[in-house]
Amino acid sequence: MSNALTLAPAPRSEAAEQVRAEVREFLAAELAAGTFETHVDTWLSGVDPVFSRKLGERGWLGMTWPKKYGGHERSAMERYAVTEELLAAGAPVAAHWIADRQSGPNLLTYGTEKQRQEILPRIVAGECFFVIGMSEPDSGSDLASIRTKAVRNADGDWVVNGAKVWTSNAHHSHYGIVLVRTAPSDPAHRHAGMSQLLIDLSLPGITINPIRILDGGHHFNEVVFEDVVVPGDMLLGEEGNGWHQVTAELAFERSGPERFLSTYPLVAEFGRRVADSGDPAQLAVLGRISARVLALRQMSLRIAAALDRGELPNIPAALVKDVGTSFEGDVIEEIRKVVDVTPSLDSPDPLARALAEAQLHAPGYTLRGGTNEILRGIVARGLGLR
Amino acid sequence: MSDQDLVVETVRDILTGFEPFALTADRRWDAGLWSALADAGLTGVGLPEEAGGSGGELADAVAIVRTLAAGAGAVPVAEQLLVAGPALLAADLDLPSPEEPTTFAIADAVTVHPVDDGDGPGRFTLTGTVPDVAWAGVASRVVVLAPAPGGIEGAVLALVDVSSLPASDAYNLAGEPRGSLVLEQAAASGALLSETRAGELRARYALARAVQLAAALEQVLAWTVQYAGERQQFGRPLGKFQAIQMELAEMAGEVTAVTALTDAAVQALDRGGNVVLAAAAAKVRAGAAVEVVARLAHQVHGAIGFTQEHKLHHLTRRLWSWRDEAGSELVWSRVLASGLLADGPDGLWPALTRVV
Ligand SMILES: Cc1cc2nc3c(=O)[nH]c(=O)nc-3n(C[C@H](O)[C@H](O)[C@H](O)COP(=O)(O)OP(=O)(O)OC[C@H]3O[C@@H](n4cnc5c(N)ncnc54)[C@H](O)[C@@H]3O)c2cc1C
Chain L
4 MSNALTLAPA
14 PRSEAAEQVR
24 AEVREFLAAE
34 LAAGTFETHV
44 DTWLSGVDPV
54 FSRKLGERGW
64 LGMTWPKKYG
74 GHERSAMERY
84 AVTEELLAAG
94 APVAAHWIAD
104 RQSGPNLLTY
114 GTEKQRQEIL
124 PRIVAGECFF
134 VIGMSEPDSG
144 SDLASIRTKA
154 VRNADGDWVV
164 NGAKVWTSNA
174 HHSHYGIVLV
184 RTAPSDPAHR
194 HAGMSQLLID
204 LSLPGITINP
214 IRILDGGHHF
224 NEVVFEDVVV
234 PGDMLLGEEG
244 NGWHQVTAEL
254 AFERSGPERF
264 LSTYPLVAEF
274 GRRVADSGDP
284 AQLAVLGRIS
294 ARVLALRQMS
304 LRIAAALDRG
314 ELPNIPAALV
324 KDVGTSFEGD
334 VIEEIRKVVD
344 VTPSLDSPDP
354 LARALAEAQL
364 HAPGYTLRGG
374 TNEILRGIVA
384 RGLGLR
Chain Y
64 MSDQDLVVET
74 VRDILTGFEP
84 FALTADRRWD
94 AGLWSALADA
104 GLTGVGLPEE
114 AGGSGGELAD
124 AVAIVRTLAA
134 GAGAVPVAEQ
144 LLVAGPALLA
154 ADLDLPSPEE
164 PTTFAIADAV
174 TVHPVDDGDG
184 PGRFTLTGTV
194 PDVAWAGVAS
204 RVVVLAPAPG
214 GIEGAVLALV
224 DVSSLPASDA
234 YNLAGEPRGS
244 LVLEQAAASG
254 ALLSETRAGE
264 LRARYALARA
274 VQLAAALEQV
284 LAWTVQYAGE
294 RQQFGRPLGK
304 FQAIQMELAE
314 MAGEVTAVTA
324 LTDAAVQALD
334 RGGNVVLAAA
344 AAKVRAGAAV
354 EVVARLAHQV
364 HGAIGFTQEH
374 KLHHLTRRLW
384 SWRDEAGSEL
394 VWSRVLASGL
404 LADGPDGLWP
414 ALTRVV
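Taken in sequence, the protein lines are chains L and Y. Counting from 4, one number per residue, gives the positions in the first sequence under the working numbering. Counting from 64, one number per residue, gives the positions in the second sequence under the working numbering.
Right under this line is the structure:
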């Protein structure tokens, strides 16, 4: 098979199994104490800053980052085990998710020393949350068409105007890494002239308007910038290098277990039902679902191992996200065909609730982080077709 | 170059002389390919030299099986190297010469009688029909997994010489022999296996098929990508059309998933221990991928891929066959789910993280 898509098997990691056991124990205690309830898709909807701080205290945020920024210098495999356990338990991880997964690594690669020292230790402590400011009302899949503009003023600061949309959890977050045009668009070089700015979301001129998703939940937002003055030293990375920077970010964004475990709490609930019923048709469905989960874990682990080796496996990450998010939707249909349960958010039956949550969140799985059509285009490039 | 690269290259070299061919009534397997492999010592790889094998690791044997599967080599190498040989060794039974093909079969309806007693290897007679024997009429010996004699728990593993027995005429969708053998008081050396060991052996057989499926899936994808790059319609290669790119990308996702999981299951087997769930998962996942990959491969190839002349069917017909052999997805998905729930209703996730 084409080398661009192939990744070496992940080595087994005793350290990862060790930390997995610790997280499991912690989660069991928290569940028993009633500090959280299991839900589907909690990395979008489960905002709980107190919980995030607890994870920080345990050393489970910024796990792979250098110690001098508060990180723990552990392996991507150990981090993988932690994130996987949190997702499987449906724990409320949305507050810190983007900062820990994506913005921190982005700062490590492109940030100035000052930016890193100021921000990274706060992320590690579970006290500083981030948003991804990429999409705009007229720019989704075609991200290079963004129009939000940043212009240098006489003091060397950036004046930002425009609007970002679908920004998950902007109303709970401290900073955004915002993709802006710092030079007029040039049809001949569509990817030139973009930059990333590190923007404090409390700055004057920023308005955050809620947008509700299908179940009425408020998770994403429109963020409007009107003459927002961003200090000159808050440029992230190089001026004009924004496109390269956002695409590099995507290996972190696309390959993690959140791309196939958003609906795991539904699978767990279904597993309980099957254990009860022993029904052969349900057993077969659970078996098929489990085989897919096991394959996805191996794929995702291979990417974690590649990150440990210092690679940036963008193309395999796109592939894992395509297969993973397709699975997240399929699971709902597979399960509902073999259980006689009416989905309802307020049912006393946990399976009915999980089905309802999973169903109402389903359209998002294959959109966020790049749609499956776009991802398949990237995979096709990896196959040498483009 | 790693050992496995070397093995793969050797097998590929040999295969080029025996490109995939349609099997016919008078050509039921590739005897010439088998002899060439046997002469090179490749039909004993992964089996220790003390026992008459050629030595080498499990990974080497798997590499051979994968290469032959991708090349549609019509020889019982997967059965011999990954199932029958290791099963005999694990049961302390003598290994027949690796130069003569030995296959494996599950014979739930065969009755077994001990000729002598005592534990460990012994003598048995077997009576009844062994169905769906891979390479029936081709292999001179079958390692049969049959129910233990009445009142005894577990199963009997017996090595039966079938060189003089006629096999019924039956073939899988790819034309590979899958007939049955009728045993009448057939004398065999054999050993008693615990139910657990017998279950592991069935799983090994399923994993062998999963390994073949994985290799064939990869090859079908590679052929299809190549074809899409060459075939022109509307003035450009098919692969430039977005609809075709989507189909190829979907195939790539399926193939990558299967490879990752079968690799992990083989590694689990190599580490020892109980691989029933890992093998079950690999077989189920590979079977599921066949649906997508074979369908889209034929779609992208258009009418030419629907012909006997084109090579595509040598692998798609094997994919359609192998997914139902050594236990279907239905069978193994139930084994997998039951095993994952063995620790109770809340044990699913911890179990999932232990399988591979
Ligand atoms: C739950 C959720 C959270 C999100 N969080 C964030 C966030 O925090 N920050 C952020 O910046 N964005 C976020 N997004 C936005 C997300 O990245 C976009 O939705 C996504 O990139 C698609 O853009 P769009 O919605 O404008 O769809 P469009 O680009 O308008 O696409 C509509 C459809 O057309 C298809 N399509 C478009 N172009 C092509 C093409 N060239 N070939 C084939 N098909 C094509 C798409 O695949 C899709 O099916 C979030 C989205 C969701 C659903």
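Cβ coordinates follow ideal geometry from the N, Cα and C atoms, glycine included.
- Those residues of the stretch 136–168 of chain L placed with their C-beta closer than 9 Å to a C-beta in chain Y do not exist.
- Within the same chain, and ignoring the five residues on either side of Ala361(L) in sequence, the residues whose Cβ sits closer than 6 Å to its Cβ are Val43, Thr266, Leu269, Ile335.
- At a Cβ-Cβ threshold of 9 Å, Glu241(L) and Gln105(L) do not count as neighbours.
- Contiguous alpha helix (DSSP H) elements confined to the stretch 206–271 of chain L occur at 245–257, 261–264, taking only those with 4 or more residues.
- By the CB criterion at 9 Å, Ala197(Y) and Glu388(Y) fall inside the cutoff.
- DSSP places Thr73(Y) in the uninterrupted alpha helix (DSSP H) bounded by 66–79.
- Collapsing the DSSP output to three states places Arg384(L) in a helix.
- Judged by beta-carbon spacing, Ala128(L) lies within the 9 Å limit of Glu60(L), meaning their Cβ atoms are closer than that value.
- Spatial neighbours of Val338(Y) in its own chain (CB-CB distance under 8 Å, excluding positions within 5 residues in sequence) are listed in chain order as Glu263, Ala266, Arg267, Leu270, Ala328, Ala331, Leu332.
- In the DSSP assignment, Phe187(Y) is bridged to Pro177(Y), Ala251(Y).
- Note on geometry: alpha-carbon atoms of Leu382(Y) and Ala278(Y) lie some 10 Å from one another.
- Distances taken from the Cβ of Thr374(L) to the heavy atoms of ligand 1 include one shorter than 8 Å.
- The residue among Pro111(Y), Glu281(Y), Thr188(Y), Ala342(Y) with its C-alpha nearest the C-alpha of Thr130(Y) is Glu281(Y).
- Counting only residues of its own chain and dropping the five nearest sequence neighbours on each side, Gly402(Y) has a CB closer than 8 Å to the CB of Val339, Leu340, Ala343, Ala414.
- At least one heavy atom of ligand 1 is found less than 8 Å from the C-beta of His222(L).
- Just measuring C-alpha positions, the residue of Glu87(L), Pro108(L), Arg291(L), Thr45(L) sitting nearest Pro95(L) is Thr45(L).
- Cα atoms of Val245(Y) and Asn375(L): separation of roughly 53 Å, rounded to the nearest angstrom.
- When DSSP assignments are scanned along the stretch 191–258 of chain Y, the uninterrupted stretches of beta strand (DSSP E) that are 3 or more residues long and fall wholly within it turn out to be 204–210, 218–224, 244–256.
- With respect to Thr174(Y), Ala132(Y) sits apart: the two C-beta atoms are not nearer than 9 Å.
- Contact check for Gly245(L) and Ala7(L): beta-carbon distance about 24 Å, past the 8 Å limit, so the pair fails to qualify.
- Relative to the Cα of Gly191(Y), the nearest Cα in the group Asp171(Y), Pro177(Y), Ala202(Y) belongs to Asp171(Y).
- Taking 9 Å as the CB threshold, Ser329(L) lines the interface with chain Y.
- Listed by position along chain L, the residues whose Cβ is nearer than 8 Å to that of Glu82(Y) form an empty set, because the closest Cβ is around 20 Å away.
- Among the CB atoms of chain L, one or more fall inside 9 Å of the CB of Ala320(Y).
- Residues of the stretch 389–402 of chain Y that bring their beta carbon within less than 8 Å of a beta carbon in chain L comprise Glu392, Leu393, Trp395, Ser396, Arg397, Val398, Leu399, Ala400, Ser401, in sequence order.
- Closest by C-alpha distance to Tyr290(Y), out of Glu247(Y), Leu359(Y), Ala101(Y), is Leu359(Y).
- If you draw a straight line from the Cα of Gln120(L) to the Cα of Val274(Y), it comes to about 50 Å.
- Cβ neighbours of Leu411(Y) within its own chain (closer than 6 Å, five residues either side excluded): Leu403.
- Residues are counted here when their Cβ sits less than 7 Å from a Cβ of chain Y; for the stretch 281–298 of chain L these are Pro283, Leu286, Ala287, Leu289, Gly290, Arg291, Ser293, Ala294, Arg295, Val296, Leu297, Ala298, given in chain order.
- The beta carbons of Tyr72(L) and Leu34(L) sit no closer together than 9 Å.
- Judged by beta-carbon spacing, Lys346(Y) lies within the 9 Å limit of Arg272(Y), meaning their Cβ atoms are closer than that value.
- What Asp326(Y) touches in chain L, judged by beta-carbon distance under 8 Å, is Pro12, Gln301, going in chain order.
- Taken in chain order, the members of the stretch 331–349 of chain Y whose beta-carbon sits within less than 7 Å of a beta-carbon on chain L are Ala344, Val347, Arg348.
- In the three-state reduction of the DSSP assignment, Asp102(Y) falls in the helix class.
- Taken through DSSP and simplified to helix, strand or coil, Lys374(Y) comes out as coil.
- Per the coordinates, the alpha-carbon of His361(Y) lies some 12 Å from the alpha-carbon of Val288(Y).
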